[in-house]
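K.L.:
Have a look at this one.
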Amino acid sequence: MWGEPILFGSKAEMPEIKPVLLPGVFGEYADSLSRNLQTPPALAVMTVISVLSTALARKVVIGPLVDDGYCEPLNVWTLGVAESGERKS
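Per the working numbering, the very first residue in the sequence shown carries number 827; after that it's consecutive.
As structure tokens, then:
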């Protein structure tokens, strides 16, 4: 029914995302979350960014041009990818 999966080659090297990139209590929370759940820091940072995006979606808008009146809600979509058993859920 399905063909064999097509492999993309080698694993991509990604820059490290550290909790210190988030300001104040948000960075502290991401750091604590990562240490307590024993997950990669980037997973905690992405979770915090997603939660903040959801909380601010109707309060903050962005526009590509200054004076044209066109705006979009601030939505950030994240996807945490890790091997099975890496405490994603």
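Built from N, CA and C at the ideal position, the CB exists for glycine as well.
So, with DSSP's three-state summary, where would you put E898?
P.N.:
Numbered from its first residue, the sequence shown carries residue 898 at position 72. In the structure shown, E898 sits in a strand (DSSP, three-state: E or B).
K.L.:
Buried or exposed: P918, going by 16 or more other Cβ atoms within 10 Å of its Cβ?
P.N.:
This structure leaves residue 918 out entirely; the chain is present only between 827 and 915.
K.L.:
Inspect the beta-carbon positions of A770 and P845 and report whether they are closer than 8 Å.
P.N.:
Nothing about residue 770 can be read from this structure; the chain reaches only from 827 to 915.
K.L.:
Per the DSSP calculation, V871 is bridged to which residue(s)?
P.N.:
Mapped onto the sequence shown, residue 871 falls at position 45. Answer is none; V871 lacks a bridge partner.
K.L.:
How far does the alpha helix (DSSP H) with L859 in it reach, from first residue to last?
P.N.:
Position 33 of the sequence shown, counted from the first residue, corresponds to residue 859. L859 -> alpha helix (DSSP H) spans G850 to L863.
K.L.:
Since N901 contacts A883 with CB under 8 Å, what's their CB separation in whole angstroms?
P.N.:
Locating residue 901 in the sequence shown gives position 75, where the first residue counts as 1. Locating residue 883 in the sequence shown gives position 57, where the first residue counts as 1. At roughly 6 Å, the Cβ-Cβ gap stays under 8 Å, so N901 and A883 are in contact.
K.L.:
Suppose the cutoff is 7 Å on Cβ atoms and the five residues either side in sequence are ignored; what does the same chain contact list for I888 look like?
P.N.:
For the purposes of this step, residue 888 is taken as the residue at position 62 of the sequence shown. Hits under 7 Å: C897, E898 and L900.
K.L.:
With which residues is V887 paired in a DSSP beta bridge?
P.N.:
Taking the first residue of the sequence shown as position 1, residue 887 is located at position 61. According to DSSP, which records beta bridges pairwise, V887 is partnered with P899.
K.L.:
Between T904 and N862, what straight-line distance do the alpha-carbon atoms span, to the nearest angstrom?
P.N.:
Counted from its first residue, the sequence shown places residue 904 at position 78. Counted from its first residue, the sequence shown places residue 862 at position 36. C-alpha separation (whole angstroms): 21 Å.
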